[in-house]
Structures are given as structure tokens and as C-alpha cells.
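K.L.:
I have a structure I would like to understand better, so I am pasting it below and will then ask my questions one at a time.
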Amino acid sequence: GNSVTQMEGPVTLSEEAFLTINCTYTATGYPSLFWYVQYPGEGLQLLLKATKADDKGSNKGFEATYRKETTSFHLEKGSVQVSDSAVYFCALSDRSGYNKLIFGAGTRLAVHP
Amino acid sequence: NAGVTQTPKFQVLKTGQSMTLQCAQDMNHEYMSWYRQDPGMGLRLIHYSVGAGITDQGEVPNGYNVSRSTTEDFPLRLLSAAPSQTSVYFCASSLRQGSLPTNTGELFFGEGSRLTVL
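Here the protein sequences line up with chains A and B, keeping their order.
Numbered by this note's numbering, the letters in the first sequence go through residues 161 to 273 in order.
Numbered by this note's numbering, the letters in the second sequence go through residues 267 to 384 in order.
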């Protein structure tokens with residue numbers, strides 16, 4: 161079946177450091193890939209997405225590229241801020257027509273001044 | 267803009283009690299779903315619905331019932347609560363993929379309902 165594997169956290173960084181959160185997936189066909197972010201006490205919100213191989217999703221300085229050859233969708237940001245502290249979830253959708261997403265376990269990011 | 271509204275935000279139950287988590291959305295989304303969030307396990311799909319009158323099971327449906335009598339509402343029922351159902355529950359909704367040119371396929375989440383079963 162379809163699945164998503166994320167690097168375990170927590171990830172602790174100093175402000176302005178470079179961020180990478182690894183995500184790999186297993187899926188039949190050609191899924192859409194997503195990164196969602198959950199700030200403390202809130203629900204999840206979409207950060208970025210990619211729908212086909214080699215697509216790059218980007219938003220708020222975060223980027224991720226859909227790599228079909230390595231079945232990966234790693235999240236990167238060149239310079240993190242304290243306000244980026246949150247839990248990040250990688251997810252895939254099986255293109256059934258509805259967003260029945262399968263999520264990874266989540267990676268907690270803590271950014272210190 | 268209300269978006270997806272969940273109630274209650276917090277609830278404590280005793281084993282064997284029943285309750286209903288409410289979810290309502292005002293975006294005219296066809297698709298609605300319930301997830302539970304547990305430490306180290308991410309979000310797991312409980313039940314989902316692709317329209318009024320249509321529901322189906324997700325990954326972890328046991329112990330939960332749902333119904334979809336209107337487009338707006340998608341309640342989740344626990345008929346006999348167990349400690350294993352202690353979790354944070356999220357309701358989410360979206361348009362059907364590709365139904366509009368501007369549809370990004372995004373799931374919209376409520377703020378969550380934290381349930382503790384003693």
C-alpha cells in the first residue's frame with residue numbers, strides 16, 4: 161500500500177540556519193505530494209505541493225522537488241526563522257479524485273534565536 | 267470566513283460512554299474526512315465522505331461511525347469509548363480534485379478536538 165516516511169524529529173536549529181526535512185514515499189502510479197504545517201494549537205495548513213515528477217513546490221521560502229527516481233520530496237529552507245517552529249507533515253494523494261491523503265509521522269522543528 | 271468548524275475542542279469521557287464530535291464547513295466542499303493524530307504516527311484516516319449520503323472507511327474505522335446527511339456537516343460518533351481512542355481528532359474538507367481550475371487539491375482542516383478517555 162501507499163505510505164510516507166519522514167525523518168524523525170525533533171529538529172533543533174538556530175535562526176538563519178539551513179533546513180532539510182527528508183520525506184520518501186511508496187506509491188503505485190503517480191501520486192500528488194504535499195507538505196503541511198501545524199503551528200502550536202492549530203490545525204494543519206497546506207505549505208506547498210507538487211503534482212508530477214520534477215515539479216518544484218514553493219511557499220514562504222520553503223521548497224520541495226518531486227523526485228520520482230528517488231521517490232522523495234524533501235523540504236528545504238535556506239534561512240529559518242523562529243516563527244517557522246512547528247510540526248511539518250509530508251503527505252501523498254493517490255489521485256482518486258479526492259484528497260484522501262496519507263501522512264507521514266510528522267517532524268517537529270524548533271528554531272532558537 | 268469560518269472554514270471548517272469542530273466542536274467541542276476538549277472532551278473527557280469515561281470508558282463506555284458515547285459522544286459525537288461535530289464538524290461543519292461552509293465552503294460547499296464535496297469531500298469531508300476525519301483523521302486522528304497520535305504521537306509518532308502522524309494523521310490516520312478514520313472515515314471519509316465524497317458527498318451527502320455517501321461515506322466510506324479509512325485506515326482506522328473501528329469504534330467510529332459517521333453519517334453525511336448534508337453537504338455541510340460530517341459528525342463522528344463514538345458509541346462506546348475506549349482508552350485507545352484518546353487522541354486529537356481533525357476534520358478536513360476539500361473540493362473534488364480538478365473540479366475547478368483554481369482547485370489546488372488542498373485539504374482544509376479544523377482546529378482539532380482533543381479527546382481523553384479514562
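Note that beta-carbon positions come from the ideal geometry of N, C-alpha and C, so glycine has one too.
(1) With a cut-off of 8 Å on the beta carbons, I'd call Glu176 of chain A and Ser239 of chain A a contact; round off their distance for me.
(2) Just mark His272 of chain A as buried or exposed, buried being the case when its beta carbon has 16 or more other beta carbons within 10 Å.
(3) Hey, out of B:Phe356, B:Gln272, B:Gln291 and B:Val383, whose CA is closest to Ala318 of chain B's CA?
(4) Mind the definition here: the segment 243 to 250 of chain A touches the segment 193 to 208 of chain A only if three or more C-beta pairs lie below 8 Å; say whether that holds.
(5) Go ahead and label Phe178 of chain A buried or exposed: buried means 16 or more other beta carbons lie within 10 angstroms of its beta carbon, across all protein chains shown.
(6) To which residues of the same chain is Ser163 of chain A closer than 6 Å at the C-beta, ignoring the five residues directly before and after it?
(7) Do three or more CB pairs link the segment 340 to 360 of chain B to the segment 283 to 290 of chain B at distances below 8 Å?
(8) Quick one: residues in its chain with C-beta nearer than 7 Å to the C-beta of Pro274 of chain B, no 5 flanking neighbours on either side, listed in chain order?
(9) I'd like to know whether the C-beta atoms of Met167 of chain A and Thr267 of chain A end up nearer to each other than 8 Å.
(10) In the segment 201 to 230 of chain A, which residue ranges form an unbroken beta strand (DSSP E) of at least 3 residues, counting only runs that do not cross its ends?
(11) Out of curiosity, what's the CA-to-CA distance linking Ser333 of chain B and Val316 of chain B?
(12) Is it right to say Ser360 of chain B is buried, meaning 16 or more other beta carbons lie within 10 angstroms of its own, or is it exposed?
(13) Quick one: does Glu338 of chain B have its CB under 8 Å from some CB of chain A?
(14) Which term fits Ser350 of chain B, buried or exposed, when burial requires 16 or more other beta carbons within 10 angstroms of its beta carbon?
(15) Considering only the alpha carbon of each residue, which of A:Lys237, A:Leu252 and A:Ala270 lies closest to Thr211 of chain A?
(16) Between Ser192 of chain A and the rest of its own chain, which residues show a CB-CB distance below 6 Å, the 5 nearest in sequence each way excluded?
(17) Under the DSSP definition of a beta bridge, which residues are partnered with Asn162 of chain A?
(18) For the beta strand (DSSP E) that contains Lys275 of chain B, what are its first and last residues?
(19) So the beta strand (DSSP E) Phe356 of chain B belongs to, where does it begin and stop?
(20) Taking all protein chains shown into account, do 16 or more other C-beta atoms lie within 10 angstroms of the C-beta of Tyr226 of chain A, making it buried, or fewer, making it exposed?
(21) Can you find a CB in chain A that lies within less than 8 Å of the CB of Ser360 of chain B?
(22) With distances taken between CB atoms, is the gap from Phe356 of chain B to Gln303 of chain B smaller than 8 Å?
(23) So with Cβ pairs under 8 Å, would you call Gly306 of chain B a contact of chain A?
P.N.:
Put simply:
(1) Indeed they touch by this definition, with Cβ atoms about 5 Å apart.
(2) Only exposed fits His272 of chain A, as fewer than 16 other CB atoms lie within 10 angstroms of its CB.
(3) When the alpha-carbon of Ala318 of chain B is set against those of B:Phe356, B:Gln272, B:Gln291 and B:Val383, the nearest one is in B:Gln291.
(4) Yes: at least three Cβ pairs fall under 8 Å.
(5) Exposed, by the Cβ-count rule.
(6) Result list for Ser163 of chain A: Thr186, in chain order.
(7) Under the Cβ criterion (8 Å, minimum of three pairs), the segment 340 to 360 of chain B counts as touching the segment 283 to 290 of chain B.
(8) Result list for Pro274 of chain B: Ser379, in chain order.
(9) In terms of Cβ geometry, Met167 of chain A and Thr267 of chain A form a close pair [threshold 8 Å].
(10) The qualifying runs are 204 to 210, 216 to 219 and 222 to 225.
(11) In this structure, the alpha-carbon of Ser333 of chain B lies about 11 Å from that of Val316 of chain B.
(12) So Ser360 of chain B counts as buried.
(13) At least 8 Å separates the CB of Glu338 of chain B from every CB of chain A.
(14) When all chains shown are included, Ser350 of chain B counts as exposed.
(15) Taking only the C-alpha atoms, the option nearest Thr211 of chain A is A:Leu252.
(16) Once the five neighbours on either side are set aside, the close Cβ partners of Ser192 of chain A are Thr211 and Ser253.
(17) Assignment of beta-bridge partners to Asn162 of chain A by DSSP yields no partner.
(18) For Lys275 of chain B, there is no enclosing beta strand (DSSP E), since its DSSP letter is neither H nor E.
(19) For Phe356 of chain B, the enclosing beta strand (DSSP E) starts and ends at Ser353 to Ser360.
(20) Taking all protein chains shown into account, Tyr226 of chain A has 16 or more neighbouring C-beta atoms within 10 Å of its C-beta and is therefore buried.
(21) The beta carbon of Ser360 of chain B sits closer than 8 Å to some beta carbon of chain A.
(22) In contact: Phe356 of chain B and Gln303 of chain B (Cβ atoms closer than 8 Å).
(23) Yes, because at least one Cβ of chain A sits closer than 8 Å to the Cβ of Gly306 of chain B.
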